[in-house]
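Trainee: This structure is in structure tokens; I'll ask about it shortly.
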Amino acid sequence: MILRYDRLGVEIPAGDPDPAGAMAVQELMGGRFGEMSTLMNYTFQSFGFRGRKELRPFYDLIANIAAEEYGHIEAVGATITTMLSGADARQIVEQGSPAHFLKSGKGVLPVDSGGAPWTGDYVFSSGDLVEVLTHNFFLETGARNGKLKVYEAVDHPSARALTAYLLVRGGVHQVAYARALELLTGADLTKAFPMPRIPTDKIPECRPYLEQGSHLTLYRFTPDDYTEVVAVFKGAHPETGEELRVEHPAPEGFPWPDAPAEEDVFAPDYAPGEIAQIAQKLREEAGLKDDVGKRAA
Ligand code: MN3
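Everything in the sequence shown is counted per my numbering, starting at 9 for the first residue and increasing by one.
Okay, here's the thing in structure tokens:
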């Protein structure tokens, strides 16, 4: 089961509307190597995992990383929605993805940068653990490649904050699968790091995460479960030589950025003030204090 917090793993700053950038960031959501793919690959691999008891450390690794990936689709979603806030219809249609105006309320969609829908064909779950771990290493490598390209192409502050965060966290997952394969088979994929060959410390926005040790840390997203990841996620980081570690709880996170009403796409409706009044009345009737809706912030 999943426990959901109304928080984001990364603080998403506001900036000017950037529909073209938002379209590029969609690759990190619904692309082959995007966050929907990492989420769904590890989720389905954990559903179909056989020999959970006997192979517990490997199961815990895949299942626990799946939980973090949910937080990554949240972060990409918040970024794209923020980048579309305040963009007008013509600007979106001419510069970005028309679907952000025509099919959504200037919000994120489960599609890639070309508008193609994410598909379950991107999920690989053959049941062969060595093959699955090798696939996951490749998937995280492709994901890192995609994040570096988006970082290069889009300079909106939301996109920069997002890609820096995802590069560091995805880097941890890339190391995790390489180390799991190494412990299982003796194949030392860690010699290929960094892959692609751009070290994370060359990216200024990544440095605060490196100073906090985020690049060394796998967080457990559960109070009591998935404790056996420590049997696999251990040893030296392939690039820095520092010791890898597992921690719980994960950092507290940040509130979602505000997404103001966008009346030209009827989001949340043609009369947002009216809906806000109804919501306020319902809150009063439910005996909620005035600050309840803001608790997550
Ligand atoms: Mn990820």
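We treat Cβ as the ideally placed atom computed from N, Cα and C, and that holds for glycine. Predicted, not measured: the structure shown is a model, and the values here were computed from it.
Check whether the Cβ atoms of T87 and A200 lie closer than 9 Å to each other.
Mentor: no
Trainee: Name the two residues that bound the continuous alpha helix (DSSP H) containing L36.
Mentor: 27-38
Trainee: Taking only the alpha-carbon atoms, compute the straight-line gap between P268 and G85 and give it to the nearest angstrom.
Mentor: Answer to the nearest angstrom: the Cα atoms are 15 Å apart.
Trainee: Okay, do the segment 67-86 and the segment 99-111 touch, 3+ Cβ pairs below 8 Å being the bar?
Mentor: no
Trainee: Counting only the same chain and skipping the five closest in sequence on each side, list residues whose C-beta sits under 6 Å from that of V140.
Mentor: Q53
Trainee: When the distance is taken between beta carbons, is K114 closer than 9 Å to A275?
Mentor: yes
Trainee: Give me, in chain order, the residues of the same chain whose beta-carbon lies closer than 7 Å to that of A32; leave out the 5 immediate sequence neighbours on both sides.
Mentor: S121, V158, A161, V162
Trainee: Look up R253 in the DSSP assignment and give the residues it is bridged to.
Mentor: T225
Trainee: I need the straight-line Cα distance from G135 to P257, nearest angstrom please.
Mentor: 30 Å
Trainee: I'd like the list of long-range same chain contacts for A28, defined as Cβ closer than 6 Å, with 5 residues on each side in sequence excluded.
Mentor: Q103, G104
Trainee: Taking T87 as part of the alpha helix (DSSP H), name the residues at either end of that continuous run.
Mentor: 64-92
Trainee: Work out the CA separation of V131 and M48 for me, nearest whole Å.
Mentor: 7 Å
Trainee: Distance check for V138 and L192, CA to CA, integer angstroms please.
Mentor: 8 Å
Trainee: I'd like to confirm the pairing. Which residues does DSSP put opposite L16 in its beta bridges?
Mentor: F262
Trainee: Using a Cβ-Cβ cutoff of less than 8 Å, which residues in the same chain neighbour L63 once the five nearest sequence positions on both sides are dropped?
Mentor: Once the five neighbours on either side are set aside, the close Cβ partners of L63 are F57, L137.
Trainee: Is the closest heavy atom of the ligand MN3 to the C-beta of A258 under 8 Å?
Mentor: no
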